[in-house]
Amino acid sequence: MRSSHTRSFSAIFARFPLHLLVAVLVLFAPGVSGQEVNARLEPTSVQYGAPVMLVLEMEGDQPVTPDLSVLERDFDIVDRRSQRSTSVINGLRSARQQLTLTLIPRRSGELEVPPISIGGGSTPPLRLSVTGARPPDA
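What follows is the structure, given as structure tokens:
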């Protein structure tokens, strides 16, 4: 015998259009809509020739590959490290990805790390101060 609670749930579900339910799930599923992307430089001021770390952090568990070609003009990428973490707190699951790039500036002056496209988002532009002169080419 079915309870009245089960029957009322079935009646509501039967009237709810399936395509609307799928749309709501896609909109609110973590990592499916636009990903939250953060970026930071460590440090924000270096001597010419010294490394700087660019840390990219993404929310969500969808694998993403950032477009790093925008860095080629002013930086050499000498190291890449990635890390993924997942946590469950009070039954809510969250995932985070971190990519740490070691960059060497190609010139001195005030440089900009341009926005980097990652998944459905992009990072904000970042400023880096590079002091000291570039040694003359031998």
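Numbering (our numbering), first residue to last: 791 to 928. In this text, a Cβ means the ideal position worked out from N, Cα and C, and glycines have one as well.
query                                                                                                                    : result
Cut-off 6 Å between Cβ atoms - residues of its own chain near P841, not counting five sequence neighbours on either side : T892, I894
Beta-carbon spacing of P904, V836 below 8 Å                                                                              : no
Closest by C-alpha distance to E900, when choosing among A885, L918, S912                                                : L918
Closest residue to P830 among M848, G839, Y838 (Cα-Cα distance)                                                          : The amino acid occupying residue 830 in the given sequence is Arg; Pro does not appear at that position. R830 has its Cα closest to that of M848, out of M848, G839, Y838.
The segment 902 to 916 in contact with the segment 869 to 881 per 3-pair CB rule at 8 Å                                  : no
Whole-number beta carbon distance between R897 and D864, since they are thought to touch under 8 Å                       : 7 Å
Backbone CA spacing between P856 and N828 [nearest angstrom]                                                             : 12 Å
Extent of the continuous beta strand (DSSP E) run through P895                                                           : 882 to 895
Span separating the alpha-carbon of E832 from that of G881                                                               : 34 Å
Nearest-angstrom Cβ-Cβ length linking T890 and V845, presumed shorter than 8 Å                                           : 5 Å
Nearest-angstrom Cα separation, counted from Y838 out to R871                                                            : 23 Å
Own chain, CB closer than 6 Å to D866, minus 5 neighbours either side, in chain order                                    : I894
DSSP beta-bridge partners of L831                                                                                        : L844
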